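Participant: What follows is a single structure, and I will ask about it in a moment.
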Amino acid sequence: MREKIVAANWKMNKTLPEAIELVQAITFGLTQNRVECTVVIAPPFLYMERLVNETRGLVDIAAQNCCSRLKGAYTGEVSANMIVSVGAKYCIVGHSERRQLYAETADVLEAKLQRCYEVDLTPIFCIGENHAERSENRHFDVVAKQLEYVLFNFSAEEVAKTVIAYEPVWAIGTGLTASPEQAQEMHAFIRQQIAAKFGQELADETSILYGGSCNAQNAAGLFAQQDIDGGLIGGASLIADDFLKICNELR
Ligand code: PGA
7 MREKIVAANW KMNKTLPEAI ELVQAITFGL TQNRVECTVV IAPPFLYMER LVNETRGLVD
67 IAAQNCCSRL KGAYTGEVSA NMIVSVGAKY CIVGHSERRQ LYAETADVLE AKLQRCYEVD
127 LTPIFCIGEN HAERSENRHF DVVAKQLEYV LFNFSAEEVA KTVIAYEPVW AIGTGLTASP
187 EQAQEMHAFI RQQIAAKFGQ ELADETSILY GGSCNAQNAA GLFAQQDIDG GLIGGASLIA
247 DDFLKICNEL R
């Protein structure tokens, strides 16, 4: 179902006391001022269960990653099933940092999506081109292939359970944001690709979030675009007031 979503990706930041302080400030803000979107927080694995309890349903909790395998001898890994068992609802899959720094390939990402669908964990599937690909004008082609090689191997029912995040790699953590026009153009393209493969109805029902240096200043312009259904927020999600302001911009 197409939903308006603002999701915080905390990455590897915050100790437990800091995480609790931040989440309490966010939940307090949400009780003072109702927002019109689903708010999701992806903390480090260690704090997920604690934050499920701390947020009392005001916020949905996400994992930042999951293992491509179901269970077994995979030291250091966390399964989709475990994530669901602590009350989390979403899982980020294919973030560009995972693709780049941990060499996650299309095959690995496909297996991770499969694990999420098996246990009813909603994947937030990240796609996006890097700086060289955009400067060579290959960004549409790159994004089309990221969809085709991974997400489009699944059925319409599975794709319908997926949130997509368009995150141009050149905009992540750099302070460079895609302009609202650049982002809208790509979001519309992603929707068209889904329509061509699965039909317009499914395309119209898919939530597509923007991520990459989205902040309290630029969120309104991005969220005003018709194919942008919300944001995946890194740096600006670590400051309660900024994150709340971003949530308020999504109407
Ligand atoms: P950023 O990160 O907002 O710090 O650019 C976004 C993301 O990586 O999801």
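Residue numbering for the sequence shown follows our numbering, beginning at 7 and increasing consecutively. By construction, the Cβ of each residue, glycine as well, lies at the ideal position given by its N, Cα and C atoms. Since the model is a prediction, treat every value here as computed from it, not as a measurement.
#1: What do you reckon, is the C-beta of residue 241 under 7 Å from a heavy atom of the ligand PGA?
#2: Are residue 56 and residue 85 touching if we call contact CB-CB under 8 Å?
#3: Can you give me the Cβ contacts of residue 188 inside the same chain, cut-off strictly under 6 Å, excluding the 5 residues immediately before and after it?
#4: Which runs of the beta strand (DSSP E) fall wholly inside the region 30–96 and span at least 3 residues, in chain order?
#5: Let's see if you can read the secondary structure: which residues bound the alpha helix (DSSP H) around residue 186?
#6: For residue 158, which residues from the same chain have a beta carbon less than 7 Å from its beta carbon, with the 5 sequence-adjacent residues on both sides left out?
#7: May I have the straight-line CA-CA distance separating residue 108 from residue 233, to the nearest angstrom?
#8: Based on Cα-Cα distance, which residue from 68, 174 and 63 lies nearest to residue 138?
#9: Do the CB positions of residue 178 and residue 133 come within less than 8 Å of each other?
#10: Roughly how many angstroms separate the alpha carbons of residue 21 and residue 27, rounded to a whole number?
#11: Whole angstroms is fine: what's the gap from residue 67's alpha carbon to residue 25's?
#12: So what does residue 158 bridge to, in DSSP terms?
#13: Flag residue 238 as yes when its Cβ comes closer than 7 Å to any non-hydrogen atom of the ligand HEM, and as no otherwise.
#14: Figure out for me which residue from 226, 181 and 123 has the closest Cα to the Cα of residue 250.
#15: Check each candidate in 124, 143, 65 and 95 and name the one with the smallest Cα separation from residue 161.
#16: Tell me whether the region 139–149 and the region 98–118 touch, counting them as touching only if at least three CB pairs, one residue from each stretch, are closer than 8 Å.
#17: Flag this pair as yes or no: are the beta carbons of residue 215 and residue 14 separated by less than 8 Å?
#18: If we count the other Cβ atoms within 10 Å of its Cβ and call it buried at 16 or more, is residue 23 buried or exposed?
#19: Comparing alpha-carbon positions, which option in 47, 73, 244 and 201 lies nearest residue 154?
#20: Could you tell me if residue 119 is buried or exposed, where buried requires 16 or more neighbouring beta carbons within 10 angstroms of its beta carbon?
#21: Could you tell me which of 144, 111 and 49 sits nearest to residue 192, measuring between CA atoms?
#22: Rounded to the nearest angstrom, what separates residue 207 and residue 82 at their Cα positions?
#23: Give the range of the alpha helix (DSSP H) segment to which residue 122 is assigned.
Facilitator: So, from the listed chains and residues:
#1: yes
#2: no
#3: none
#4: 44–48 and 66–69
#5: 186–204
#6: 203
#7: 30 Å
#8: 174
#9: no
#10: 10 Å
#11: 13 Å
#12: Paired residue(s): none; residue 158 is not in a bridge.
#13: Within the structure as shown, the ligand HEM is missing, the only ligands being the ligand PGA.
#14: 226
#15: 124
#16: no
#17: no
#18: exposed
#19: 201
#20: buried
#21: 144
#22: 40 Å
#23: 112–124
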